[in-house]
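S.K.: According to this note's numbering, the sequence shown is numbered sequentially starting from 416. Backbone N, C-alpha and C define an ideal beta-carbon position, used for all residues, glycine too. Keep in mind it's a predicted model, so treat the numbers as computed, not measured.
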Amino acid sequence: SYQLEVASGSYTLAAGKSGYVSETVSGISATKGQTTTVSLLSLVKETGAVAGKAILSDKPADADHSGIAVSLASASQVYTAITATAKEGKYRLDGILPATYTLTFSENGYVPFSTTVAVTAGQTTGAADVSLLPAKGTISGIVQLQGQLDHSGAAVLINGTSFQALSEATGNYTITGIP
416 SYQLEVASGS YTLAAGKSGY VSETVSGISA TKGQTTTVSL LSLVKETGAV
466 AGKAILSDKP ADADHSGIAV SLASASQVYT AITATAKEGK YRLDGILPAT
516 YTLTFSENGY VPFSTTVAVT AGQTTGAADV SLLPAKGTIS GIVQLQGQLD
566 HSGAAVLING TSFQALSEAT GNYTITGIP
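1) Enumerate in chain order the residues of its own chain whose CB-to-CB distance from lysine 432 is below 7 Å, with the five nearest sequence positions on each side excluded.
2) Can threonine 462 and leucine 512 be called in contact, C-beta distance under 7 Å?
3) Return the chain-ordered list of same chain residues with a C-beta closer than 6 Å to the C-beta of aspartate 479, the five sequence neighbours on each side being excluded.
4) For glycine 556, write down the residues that DSSP places opposite it in a beta bridge.
5) State yes or no: is the C-beta of serine 444 nearer than 6 Å to some heavy atom of the ligand NAD?
6) Can you grab the Cα-Cα spacing for the pair alanine 488 / serine 472, in whole Å?
7) Leaving out five residues on either side along the sequence, give the residues of the same chain with a beta carbon under 8 Å from the beta carbon of valine 485.
8) To the nearest angstrom, how far is the alpha carbon of alanine 445 from that of glutamine 418?
9) Please give the ranges of any beta strand (DSSP E) in the segment 458-544, keeping only runs that are unbroken, at least 3 residues long and fully inside the region.
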């Protein structure tokens, strides 16, 4: 609540505080000796934005990179924003309160990528360009050598590739990094 004593006339009233968007109300008529009530001045926190580009590494730069999920989450998970990339891989998240966030990119069949970004009021934070890598699979199993207690040393390979593993004493094997 506030009260100002002014001469009769028409006025413009402005309210502001650091970290908030200022509000201005024009055309306020005041008459000496009378009270003029001004509607509520509501100051909203000043926000920033995050923008950048994300593509799929196994597709040409001019291919359609739309639909990559882009999410922004605070450490406390109190504030989250989500969008998707446009055809050229560009994205933008507006109306973000100033803070440090985790920015995550994800797409089915690709390894998700996360990075930290600091959003500043009144500015657009330009995040580094991201190139998502295709997800890689794993094949594992057990090889048994008949009549043996030690099953180590058996070679297991995927025909036509260089992917291979040797079994352990228990017969367990794991082939990783399979595209």
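M.R.: In this structure, then:
1) If you number the sequence shown from 1, residue 432 lands on position 17. Cβ neighbours of lysine 432 beyond the five flanking positions: Leu458.
2) Working through the sequence shown from its first residue, we reach residue 462 at position 47. Working through the sequence shown from its first residue, we reach residue 512 at position 97. Taking 7 Å as the Cβ cut-off, threonine 462 and leucine 512 qualify as a contacting pair.
3) Counting from one through the sequence shown, the residue named residue 479 turns up at place 64. Lys502, listed in sequence order.
4) In the sequence shown, the residue the question calls residue 556 occupies position 141. Paired residue(s): Tyr588.
5) Ligands displayed in this structure: none; no statement on the ligand NAD is therefore possible.
6) Looking up residue 488 in the sequence shown gives position 73. Looking up residue 472 in the sequence shown gives position 57. Taking the straight line joining both Cα atoms gives about 24 Å.
7) As a position in the sequence shown, residue 485 is number 70, starting the count at 1. Counting only Cβ-Cβ distances below 8 Å, and skipping sequence neighbours, we find Ala469, Ile497, Thr498, Ala499, Thr500, Tyr506, Leu508, Leu518, Thr519, Phe520.
8) In the sequence shown, residue 445 corresponds to position 30, counting from 1. In the sequence shown, residue 418 corresponds to position 3, counting from 1. Linking alanine 445 to glutamine 418 through their CA atoms gives a straight-line distance of about 12 Å.
9) The segment 458-544 contains these whole beta strand (DSSP E) runs: 463-471, 484-489, 495-499, 505-511, 514-521, 528-534, 539-541.
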